[in-house]
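J.: Here the protein sequences come in this chain order: F and G. Number 102 in numbering that gives the first Met the number 0 belongs to position 103 of the first sequence; there are no gaps in the numbering. Number 271 in numbering that gives the first Met the number 0 belongs to position 272 of the second sequence; there are no gaps in the numbering. For glycine and all other residues, C-beta sits at the position ideal for the given N, C-alpha and C. There's a structure below that I have some questions on.
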Amino acid sequence: MKLHEYQSKELLRQRGLNVLASAVATSADEAREVAEKLAAEGATRFAVKAQVHAGGRGKGGGIKLADTPQQASEFAGAMLGNALITPQTGPQGVLVRQVLIEAGADIANELYLGLTIDRSARCPVVIASAEGGVEIEEVAARNPEAILKEPCVPGWGLRPFQAARLAYRLGLDGRVARRVAATIMKLARAYDELDAALVEINPLVIGPDGEVIVLDAKIVLDENALYRHADLAELRDSSEEDPLELEASEHSLSYVALDGTVGCMVNGAGLAMGTMDEISNAGGFPANFLDVGGGASVERVANAFRILMKGEQVKAVLINIFGGIVRGDRVAQGVIEALDTVEVKVPVVVRLQGTNAEEGREILRNSELEFMVAETLQEAARKAVDAAGGGSG
Amino acid sequence: MSILVDADTRVLVQGITGTEGSFHSRQCIEYGTRIVAGVTPGKGGTRFDDTVPVYDTVLDATRETEAEISLVFVPPRFAPDAVMEAADAGLRLVICITEGIPTLDMVAVVGYCNGRGTRLIGPNCPGVISPGKCKVGIMPGFVHQPGRVGVISRSGTLTYEAVDQLTRAGLGQTTCIGIGGDPVIGTTFRDCLELFAEDEQTEAVVLIGEIGGSGEEEAAEYIADDYALPVVCFIAGQTAPPGKRMGHAGAIIAGGKGTAAEKMKALQDAGAHVVASPSDIGAKALEVLSS
Chain F
0 MKLHEYQSKE
10 LLRQRGLNVL
20 ASAVATSADE
30 AREVAEKLAA
40 EGATRFAVKA
50 QVHAGGRGKG
60 GGIKLADTPQ
70 QASEFAGAML
80 GNALITPQTG
90 PQGVLVRQVL
100 IEAGADIANE
110 LYLGLTIDRS
120 ARCPVVIASA
130 EGGVEIEEVA
140 ARNPEAILKE
150 PCVPGWGLRP
160 FQAARLAYRL
170 GLDGRVARRV
180 AATIMKLARA
190 YDELDAALVE
200 INPLVIGPDG
210 EVIVLDAKIV
220 LDENALYRHA
230 DLAELRDSSE
240 EDPLELEASE
250 HSLSYVALDG
260 TVGCMVNGAG
270 LAMGTMDEIS
280 NAGGFPANFL
290 DVGGGASVER
300 VANAFRILMK
310 GEQVKAVLIN
320 IFGGIVRGDR
330 VAQGVIEALD
340 TVEVKVPVVV
350 RLQGTNAEEG
360 REILRNSELE
370 FMVAETLQEA
380 ARKAVDAAGG
390 GSG
Chain G
0 MSILVDADTR
10 VLVQGITGTE
20 GSFHSRQCIE
30 YGTRIVAGVT
40 PGKGGTRFDD
50 TVPVYDTVLD
60 ATRETEAEIS
70 LVFVPPRFAP
80 DAVMEAADAG
90 LRLVICITEG
100 IPTLDMVAVV
110 GYCNGRGTRL
120 IGPNCPGVIS
130 PGKCKVGIMP
140 GFVHQPGRVG
150 VISRSGTLTY
160 EAVDQLTRAG
170 LGQTTCIGIG
180 GDPVIGTTFR
190 DCLELFAEDE
200 QTEAVVLIGE
210 IGGSGEEEAA
220 EYIADDYALP
230 VVCFIAGQTA
240 PPGKRMGHAG
250 AIIAGGKGTA
260 AEKMKALQDA
270 GAHVVASPSD
280 IGAKALEVLS
290 S
C-alpha cells in the first residue's frame, strides 16, 4: 500500500527524523494560509508539491518553488483539480487533489537513503548513495559503484557500526557523519515498526550548517501486515487506485487493468500471466490480469465477469481454468450460472483443462449460451484474439 | 528416485482440523501419503477422521509418531510461529502452504530455520509431490505421473498445466516443487536444481519462473556453471506492466528490475531451453530428452 509524501513524512517525524514544517492544502486559498503561517515562522521560500502516488512528479511540473505566499497559492491553484502527467502516470495523468506546502530548504549536499527487502539475501537492506535527488535506478544503471548497501541481519537488525560505515563511505565526516548515521538507524527502526516494503528518503539534504533534512519521503507498506496496524490501514487513499482494481479487491479478486482488447479470467496468478503471454503470442493484447482464485466458484466467476465487462475496450473474453481439486464440470456449470446473472455482450472463449475437462466442455457445448470452446491454451488464445478483431488494440 | 519426499516419508500436518487443512489432509491420505500426526493446539488427544492422532504441540507429535516433515495450513497470523515450532522440534523439512504472511515475519522465520538446519519450502506455494509415492500439498494428484522430469515453480495452476503436458508427453515427473510466490521464500530455484542434480532418476528439469526478484537469474548462474541436466524454462509475465503486482506478492517488476525478458535472456545465455509459450513446455521437454 502506497502512502503519500505528507503521510510518509509525518510517520518519519514521529520517529525522530528531521522533517521541515509543512501542511496539506486542498485549495489555492488554503495554500496561501499555510504559506503565510510558514512565513510567520521564518520561511522565505515555499515548496508546493502535488500529493499523488505516481513518481517523477518534478518532471511533470508537480513540484514548484515559490518566493511568496501569493505565488505558492498560484502554483497550488494551477495544480489542484488538474491532471498531473509524469513519466510514471501514462498520457492521461492523475488528478491532483491535495498539495503539500513546505518551508524551502538550503541545500549543500543531497544524498539517497532507502530500505527494502533484498530478496536473494532474504533480509531488509539499507541502500545509500551520495548521488541523491535523482532516481536510484538511474544511478544503479549509470554508476553501480555509487550504490552502497548494508544488510539488516535477521534477529539483530541494522547495527550502529553499519550505519556509521555507510555514513563514512558516503564521504561524510565529523558531526554530519554522526547525524546521518543516526538518521539511518532511525529509518531502519521505522521500516521495522511500520512493516514497510519500502522506505525512501530522496533526497536527504545536508544544509549549509550541517543539518540533516528529510526533503522527500516515500513509504510503501506490506499489505499482508496491515492487520496488525489498524492506524496505518486508515492511511489508504482509495482515490489514487484504479476503480476496477479497487472493486476487484473488495471481491477478493486479483485484477490489474491493461490496454488490450482481450479480457481474461484465469484461476491462479501464474497461469493468468501465462494466459496473457499466450494472447500476446497469438498477436493480440490482453485487456487485464485477473485471478479468480483456485476454486473459481459461481460467485467469483460472476463478479469477475461484472468487472471485465466494465472495461470498455474489451472485445472478447477468454476464460482459462485448470481444474484441479475443483472439477471441470463444476467450473463449466459455474460459468453458465454466472452468465445468467451478468450480461456479457462480447464473444466468450472457454478453455477447460484438468479434472473432468471433457465433461465440462460438453456441458458448455450443450448450453444455450454461445461459447467458443477450446482445448489447448494456444487454440483458446487464437480464437479469442480473432473474436476481438485481430491484433489491433 | 525422487527428492525431498518419498513413499516412506512420515508427515505431520499443522492445522489439520481447519477447513483447508482437513480437506487437503484427506486428499493427501487418499493419494497414499503417510500422514502420521496432526497438530492443533487445544485438540491434543483427539483423532482426525477417527484415525490420525492429533497433538497439542509439534514436539509431542514428533516424539510419539516419528514424523519427519510438516505440512502447514495455519492462517497467516499464526503460520510464522507454526513453522518455527516445527523447526524447533527438529523436523528436516517444513512445507508452508499459507498465503498472506507479512514479509518481515518470513525474514525472521527463514533465519530461524536456517539456524536449525530445517529446510523450509514456501510459503504461498502448492507444496511438493513425488508422483505415485507421496503428495504433500494441495496440487491435484491425478495430473501427475511417475517419470523422468523434475519440476520447480513459483506458481500453482501454471505448474499443474506444465505437469499435465509432461504427463501427456509420456515423460512423467520425479518430484514437483512449488517454491512459492512470495518475496521471501525458504527454498530457491537454485537449491532445487542442486537437489535434482543429485537424483539419479531425474533426467531433465522444468523451471517455471515469473516476473519479480532475481531467483531465475541466480538459477541461470548456477546452470551456466556446467549444470548436469538439461533445463526447460518458461517465465510468466512477459506482457506484465512494470510496477504492478500480478497476483503473487513477489510478482512485480520494481525499478525496471525483474522483467521476464531479462530472466529469459539470462537463462538462455546459461544454456537453458527457454520457451515463450506456456503451451510449449511439454513438447520442448520431450524434444530435449529425445535428442
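Using C-beta distances below 6 Å, list every residue in its chain close to residue 15 of chain F, excluding the 5 sequence neighbours before and after it, in chain order.
T.: 185
J.: Where does residue 382 of chain F land, buried or exposed, given buried means 16+ other C-beta within 10 angstroms?
T.: buried
J.: Return the bridge partner residues of residue 371 of chain F from the DSSP annotation.
T.: F:348
J.: By Cβ distance, which residues of its chain are closer than 7 Å to residue 18 of chain F, with the 5 residues on each side in sequence left out?
T.: For residue 18 of chain F, where only same-chain residues beyond five positions count, the Cβ hits under 7 Å are 8, 11, 12 and 213.
J.: Who does residue 272 of chain G pair with in a DSSP beta bridge?
T.: G:231, per the DSSP bridge assignment.
J.: Kindly indicate which three-state DSSP category residue 391 of chain F falls into: helix, strand or coil?
T.: With a pLDDT of only 48 at residue 391 of chain F, under the threshold of 50, the placement of this residue in the model should not be trusted, and no figure is reported.
J.: What are the start and end residues of each continuous alpha helix (DSSP H) run of 4 or more residues lying completely inside the segment 66-152 of chain G, in chain order?
T.: Listed in chain order, they are 78-87 and 102-115.
J.: Considering only DSSP beta bridges, list what residue 290 of chain F is partnered with.
T.: Bridge pairing for residue 290 of chain F: F:253 and F:265 [DSSP].
J.: Quick one, are the C-beta atoms of residue 102 of chain F and residue 20 of chain F less than 9 Å apart?
T.: The Cβ atoms of residue 102 of chain F and residue 20 of chain F lie closer than 9 Å to each other.
J.: Specify the secondary structure class of residue 21 of chain F as computed by DSSP and reduced to three states.
T.: strand
J.: Can you tell me whether DSSP reads residue 9 of chain G as helix, strand or coil?
T.: strand
J.: Have a look at residue 391 of chain F and residue 276 of chain F and give me their C-alpha separation to the nearest angstrom.
T.: Reliability fails at residue 391 of chain F, whose pLDDT of 48 lies under 50, so the model's placement of it is uncertain and no value is given.
J.: Count the other C-beta atoms from every protein chain shown that fall within 10 angstroms of the C-beta of residue 80 of chain F, then say buried if there are 16 or more, exposed otherwise.
T.: exposed
J.: Under 7 Å between beta-carbons, which chain F residues line up against residue 115 of chain G? List them in chain order, please.
T.: The premise fails here: residue 115 of chain G is roughly 13 Å from chain F at the closest Cβ pair, so nothing lies under 7 Å.
J.: If you scan the segment 193-243 of chain F from start to end, which runs of the alpha helix (DSSP H) of 4 or more residues do you find wholly inside it?
T.: 229-232
J.: Counting only C-beta atoms, is residue 392 of chain F closer than 9 Å to chain G at any point?
T.: With a pLDDT of 43 at residue 392 of chain F, under the threshold of 50, the predicted position of this residue should be treated as unreliable, though the coordinate-derived value follows. No, because no Cβ of chain G sits closer than 9 Å to the Cβ of residue 392 of chain F.
J.: Are the C-beta of residue 158 of chain G and some C-beta of chain F separated by less than 9 Å?
T.: The Cβ of residue 158 of chain G sits closer than 9 Å to at least one Cβ of chain F.
J.: For residue 227 of chain G, count the other beta carbons within 10 Å of its own beta carbon; 16 or more makes it buried, fewer makes it exposed. Which is it?
T.: Per the 10 Å Cβ criterion, exposed.
J.: Is there a Cβ from chain G that is less than 9 Å from the Cβ of residue 333 of chain F?
T.: No - not a single Cβ of chain G is within 9 Å of the one on residue 333 of chain F.
J.: By Cβ distance, which residues of its chain are closer than 6 Å to residue 125 of chain G, with the 5 residues on each side in sequence left out?
T.: 136, 137, 138, 155 and 177
J.: Take the Cβ of residue 142 of chain F as the centre, count every other Cβ of all protein chains shown within 10 Å, and call the residue buried at 16 or more, exposed below.
T.: exposed
J.: Between residue 162 of chain F and residue 135 of chain F, how many whole angstroms is the CB-CB distance? I'm expecting something under 8 Å.
T.: 18 Å between Cβ atoms; not a contact.
J.: Let me confirm a value: residue 289 of chain G is counted as buried when at least 16 other C-beta atoms fall within 10 Å, else exposed. Which label applies?
T.: exposed
J.: For the beta strand (DSSP E) holding residue 45 of chain F, just list the boundary residues, first then last.
T.: 45-49
J.: Given 8 Å as the limit, is there contact between the segment 10-28 of chain G and the segment 41-48 of chain G, that is, 3 or more CB pairs closer than that?
T.: Cβ pair count under 8 Å is three or more, so yes.
J.: Based on Cα-Cα distance, which residue from F:347, F:289 and F:151 lies nearest to residue 264 of chain F?
T.: Nearest C-alpha to residue 264 of chain F among F:347, F:289 and F:151: F:289.
J.: Give the C-beta separation of residue 90 of chain G and residue 117 of chain G to the nearest angstrom, bearing in mind that I take them to be a contact with Cβ-Cβ under 8 Å.
T.: 6 Å
J.: Quick check on DSSP: helix, strand or coil for residue 20 of chain G?
T.: helix
J.: Give the residues of chain F in contact with residue 141 of chain G, contact being defined as C-beta atoms less than 8 Å apart.
T.: 354
J.: Using a Cβ-Cβ cut-off of less than 7 Å, give me the residues of the segment 99-121 of chain F that come near chain G, in sequence order.
T.: Within the segment 99-121 of chain F, the residues whose Cβ lies closer than 7 Å to some Cβ of chain G are 116, 118, 119 and 121, listed in chain order.
J.: Quick check on the burial criterion: 16 or more other C-beta atoms within 10 angstroms. Buried or exposed for residue 249 of chain F?
T.: exposed
J.: In terms of residue numbering, what span does the alpha helix (DSSP H) encompassing residue 192 of chain G cover?
T.: 188-196
J.: Which full runs of the beta strand (DSSP E) of 3+ residues lie inside the segment 88-130 of chain F, going along the chain?
T.: 98-102, 108-117 and 122-128
J.: Could you check how far apart the C-beta atoms of residue 47 of chain F and residue 0 of chain F are, in whole angstroms? I think they sit under 8 Å.
T.: At roughly 25 Å, the Cβ-Cβ gap does not stay under 8 Å, so residue 47 of chain F and residue 0 of chain F are not in contact.
J.: Measure from the alpha carbon of residue 319 of chain F to the alpha carbon of each residue in F:313, F:309 and F:331, then state which is nearest.
T.: Per the Cα distances, F:331.
J.: Quick check: residue 285 of chain F and residue 111 of chain G, are their CB atoms within less than 9 Å of each other?
T.: no
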